[in-house]
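Asker: The following block contains the structure, expressed as structure tokens.
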Amino acid sequence: RVLFLDGVIQSTHYGDAPYHESIVHPAMITHSNPKRVAIVGGGEGATLREVLKHGSVEKATMIEIDEDVVDISKEFLPECAEWCFDDERVDSRFEDAMEYFKTAASSDERFDVIIMDALDPNDEIEFAVELYQSESFIGSLYKGLTDSGILAVQVG
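Following this line, the structure appears as structure tokens:
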């Protein structure tokens, strides 16, 4: 099974583990005590699954623009998320991450780790280009970090 968004492969039934493990665990292990984690995108739940393997996590906020991605993934790719959407530490937000972090940047909400698991920056989709090349968005992510916070970004 394969999840396509705008004609571009996003997730598959097989082979998701190396990608999700490599975007999550280095950042989580590098931080001394990651309690609050934000995930941009990741609607199939595999990044969330990997984050929740870390016992220090008290809250994992997933900001996914399209709730249908989560619903479809739960139905057709349940092995990606496994149990994670039912975990009490999860706060699923279905909104534009750019708007979410602009608002968060002006509030006291800070994260120990932010993981960008959105569209591939090499995808020829306007929104992907905007996510990875918007100085204001990247600045908002940076402001959303604690002083010792870590930003993990997929680069292709």
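Taking my numbering, the leading residue of the sequence shown gets 1287, the next gets one more, and so forth.
Heads up, the beta-carbon is just placed ideally off N, CA and C, and yes, glycines get one too.
(1) Just to confirm my understanding: we take PHE1371, look at its own chain, exclude 5 residues before and 5 after, and list those with CB closer than 8 Å. What are they?
(2) Thinking just about the alpha-carbon of each residue, which of GLY1328, GLY1425 and VAL1399 is nearest to the one in LYS1388?
(3) Sorted by chain position, which residues of the same chain lie with C-beta nearer than 6 Å to ARG1322's C-beta, five sequence neighbours on each side aside?
(4) May I ask which residues mark the beginning and end of the beta strand (DSSP E) holding VAL1326?
(5) Does PHE1423 pass the burial test, meaning 16 or more other C-beta atoms within 10 Å, or should it be called exposed?
(6) If you scan the region 1322-1382 from start to end, which runs of the beta strand (DSSP E) of 3 or more residues do you find wholly inside it?
(7) Could you spell out where the alpha helix (DSSP H) holding GLY1425 opens and where it closes?
(8) Let me check you understand the geometry: is the CB of GLY1430 closer than 6 Å to at least one non-hydrogen atom of the ligand GTP?
(9) Within 10 Å of its beta-carbon, does GLY1341 have 16 or more other beta-carbons around it, so buried, or fewer, so exposed?
(10) How would you label PRO1320, buried or exposed, when you count the other beta carbons within 10 angstroms and need 16 or more for buried?
Answerer: To lay it out plainly:
(1) Walking along the sequence shown from the start, residue 1371 turns up at place 85. Within the same chain, Cβ atoms closer than 8 Å to the Cβ of PHE1371 are found at GLY1331, LEU1334, VAL1356, LYS1360 and SER1378, the five residues on either side in sequence being excluded.
(2) Mapped onto the sequence shown, residue 1388 falls at position 102. For LYS1388, the closest alpha carbon among the candidates GLY1328, GLY1425 and VAL1399 is that of GLY1425.
(3) Residue numbering aside, residue 1322 sits at position 36 when the sequence shown is read from its first letter. Around ARG1322: LYS1345, PHE1397 and ASP1398.
(4) Walking along the sequence shown from the start, residue 1326 turns up at place 40. In the DSSP assignment, VAL1326 falls within the beta strand (DSSP E) that extends over 1322-1327.
(5) Translated into positions along the sequence shown, residue 1423 becomes position 137. Classification of PHE1423: buried, given that the 10 Å Cβ count is 16 or more.
(6) Fully enclosed beta strand (DSSP E) runs of 3 or longer: 1322-1327, 1345-1349 and 1376-1379.
(7) For the purposes of this step, residue 1425 is taken as residue 139 along the sequence shown, with counting starting at 1. Start and end: 1421-1429.
(8) What this structure holds is no ligand at all, so the ligand GTP is not there to describe.
(9) What you label residue 1341 is simply residue 55 of the sequence shown in a count that begins at 1. Classification of GLY1341: exposed, given that the 10 Å Cβ count is below 16.
(10) Stepping through the sequence shown from its first residue, residue 1320 is reached at position 34. Buried is the call here.
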